[in-house]
Amino acid sequence: MGVLGTVVDPELGDDIVSLGMVPDVSVDADGRVIVGIKLTIGGCPLRADIKREVETRVGLHPGVVDVQIEWGEMNADERAEVMSKARWKARELAPDTQIPLRCQVLAIASGKGGVGKSSVTVNLATALAALGHTVGVLDADIWGFSVPRLLGMSDRMEAERIEGSDKPKIVPNRKPVGAGRLEVVSTGFLVEESTALMWRGLMLTKAVEQFLADVAWGDLDYLLIDMPPGTGDVQMGLARMLPRTSMVIVTTPAIAAQKVAQRAADMARRSFLPVVGVIENMSAFTCEHGVTYALFGEGGGAALAADIDSPLLGQIPLEPAVAAGNDAGNPVSLDGDSAAALAFRSIAARISDQIAPVTSADPVEMAGCSARMLDAVNAAFDAQHDAG
Numbered sequence: 534m535g536v537l538g539t540v541v542d543p544e545l546g547d548d549i550v551s552l553g554m555v556p557d558v559s560v561d562a563d564g565r566v567i568v569g570i571k572l573t574i575g576g577c578p579l580r581a582d583i584k585r586e587v588e589t590r591v592g593l594h595p596g597v598v599d600v601q602i603e604w605g606e607m608n609a610d611e612r613a614e615v616m617s618k619a620r621w622k623a624r625e626l627a628p629d630t631q632i633p634l635r636c637q638v639l640a641i642a643s644g645k646g647g648v649g650k651s652s653v654t655v656n657l658a659t660a661l662a663a664l665g666h667t668v669g670v671l672d673a674d675i676w677g678f679s680v681p682r683l684l685g686m687s688d689r690m691e692a693e694r695i696e697g698s699d700k701p702k703i704v705p706n707r708k709p710v711g712a713g714r715l716e717v718v719s720t721g722f723l724v725e726e727s728t729a730l731m732w733r734g735l736m737l738t739k740a741v742e743q744f745l746a747d748v749a750w751g752d753l754d755y756l757l758i759d760m761p762p763g764t765g766d767v768q769m770g771l772a773r774m775l776p777r778t779s780m781v782i783v784t785t786p787a788i789a790a791q792k793v794a795q796r797a798a799d800m801a802r803r804s805f806l807p808v809v810g811v812i813e814n815m816s817a818f819t820c821e822h823g824v825t826y827a828l829f830g831e832g833g834g835a836a837l838a839a840d841i842d843s844p845l846l847g848q849i850p851l852e853p854a855v856a857a858g859n860d861a862g863n864p865v866s867l868d869g870d871s872a873a874a875l876a877f878r879s880i881a882a883r884i885s886d887q888i889a890p891v892t893s894a895d896p897v898e899m900a901g902c903s904a905r906m907l908d909a910v911n912a913a914f915d916a917q918h919d920a921g
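According to our numbering, the sequence shown is numbered sequentially starting from 534.
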């Protein structure tokens, strides 16, 4: 089993013993070893690679004269457990990025398109910046980028030599907002707005990876990531590359939209990313006579929040001013006292209060930090063990 623990599944990135792929091993007195291996699917394309590695490594073990493999296939529960272990392993081996550790990372996600996720992202970002924060905005919707237009920004991003770096870094486009500022990165700053990006999943993930590792983000308080809809390659790549990300789920009042949004929450759970709240967008329309109409239904945001045990951060009413501000590149949260503007600012204030970045004034030694509590427990255990 020790030797088999050196055989790594090349797709899942962990050894086959830790992943639970080796249910049993038998060793005959004559040196014949029979290894049972369960694959996630019977027709796994990496089966030949695993077979070669097992036969080679076990065959070199002293006393082994023959190696045989008995193949099996996991059931649904076993497969789910293996994938969970693989995701955790990827989280533990997350690559370095240019996102400062003190920065709070919020991925604005949805189960489907058309719920106004990008609008929510830019309005929350500008409202947080207006509170004096430095806020990064990463447009991770590589195909459907819209952040540049929503913020009224069009300058092309350039690479510059940054002090302390061994190679040039991409410099975000900057926009002052009140006492704070936005640092914005999007593929929309690299190509024309009308250009169709016909990229496959691997290229999408690589683009997000580059935006995290090769951009000179600077000292951010928050990074808001406008996610593409659904639960695809970009979402899985982000969970691997930036595992300290928290999710904010956007839905509309319609129950059908709420049910789809549950998939985004389920993806977050499976990727070990906390969901810090739900925002219901396009909640209701109030006409000039003060009559309110639930054009897209009602109750979806509250129902989703209850289903996933997460707070409802706020409800954004349906207002023409939101669309007009987006079209003009002037988010409604920056200007005016409409119900939507007040709702965005209220959510931003709640985030700033409850999900605050670590500041230089915070003590370096955080006695209540869970990691330090674990260190203390381990130290106490070691002391007790040394004392006999």
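All residues carry an ideal CB built from backbone N, CA and C; glycine is no exception.
A direct Cα-to-Cα measurement between residue 833 and residue 795 gives close to 11 Å.
With a contact defined as Cβ atoms closer than 8 Å, residue 808 and residue 782 qualify at about 6 Å. The secondary-structure analysis by DSSP pairs residue 779 across a beta bridge with 639. DSSP places residue 792 in the helix class (H, G or I) of the three-state scheme.
Fewer than three Cβ pairs drawn from the region 688 to 700 and the region 656 to 668 lie within less than 8 Å of each other, which leaves the two stretches out of contact. Ranking 831, 545, 561, 869 by CA distance to the CA of residue 580 puts 545 first.
Within the region 802 to 852, the alpha helix (DSSP H) runs of at least 4 residues that lie entirely inside it are, in chain order, 833 to 840. As DSSP reads the structure, residue 858 sits in no beta bridge. The C-beta distance from residue 564 to residue 793 rounds to 57 Å, too long to fall under 8 Å, and the pair is not in contact. Residue 859 is classed as buried because its beta carbon has at least 16 other beta carbons within 10 Å across all chains shown.
Here residue 750 is buried: its Cβ has 16 or more other Cβ atoms, across all protein chains shown, within 10 Å.
Distance from the CA atom of residue 787 to the CA atom of residue 814, rounded to whole angstroms, is 10 Å. Taking C-beta separations shorter than 8 Å and ignoring five residues to either side along the sequence, the partners of residue 771 in its chain run 640, 673, 741, 758, 760, 778, following chain order. With a threshold of 16 other beta carbon atoms within 10 Å, residue 718 meets it and is buried. The Cβ atoms of residue 655 and residue 638 lie no closer than 8 Å to each other. Note on geometry: alpha-carbon atoms of residue 805 and residue 841 lie some 14 Å from one another.
Of all alpha-carbon atoms in 561, 553, 585, 864, the one lying nearest the alpha-carbon of residue 572 is that of 553. Around residue 559, the same chain offers 567 as residues with beta carbons nearer than 7 Å, after the five sequence neighbours per side are excluded.
Burial check for residue 706: the Cβ neighbour count within 10 Å reaches 16 or more, so the residue is buried. The beta-bridge partner set that DSSP reports for residue 709 consists of 714.
DSSP places residue 603 in the uninterrupted beta strand (DSSP E) bounded by 599 to 606.
For residue 692, the enclosing beta strand (DSSP E) stretches over residues 691 to 693. The beta carbon of residue 701 lies closer than 8 Å to those of 692, 693, 694, 695 in the same chain, with the five residues before and after it left out. In the three-state scheme derived from DSSP, where H, G and I count as helix and E and B as strand, residue 565 is classed as strand. Distance between residue 607 and residue 802, taken at the CA atoms: about 22 Å. The C-beta distance from residue 704 to residue 690 rounds to 6 Å, short enough to fall under 8 Å.
Taking all protein chains in view, the Cβ of residue 825 is surrounded by fewer than 16 other Cβ atoms within 10 Å, so the residue is classified as exposed. For residue 618, the secondary structure class from DSSP, reduced to helix, strand or coil, is helix. Apart from the 5 residues on each side of it in sequence, residue 738 sits with its Cβ closer than 7 Å to the Cβ of 766, 767, 770 in its chain, given in chain order. Between residue 653 and residue 812, the gap from beta carbon to beta carbon is short of 8 Å.
Boundaries of the alpha helix (DSSP H) harbouring residue 875: 872 to 887, taken from the DSSP string. The C-beta of residue 614 has fewer than 16 other C-beta atoms within 10 Å across all chains shown, which makes the residue exposed. By the 16-neighbour rule on beta-carbons within 10 angstroms, residue 810 is buried. In this model, residue 776 and residue 711 are separated by some 31 Å (Cα to Cα). Counting the other Cβ atoms within 10 Å of the Cβ of residue 870 gives fewer than 16, which makes it exposed.
Relative to residue 819, the option among 671, 854, 588, 682 whose CA is nearest is 854.
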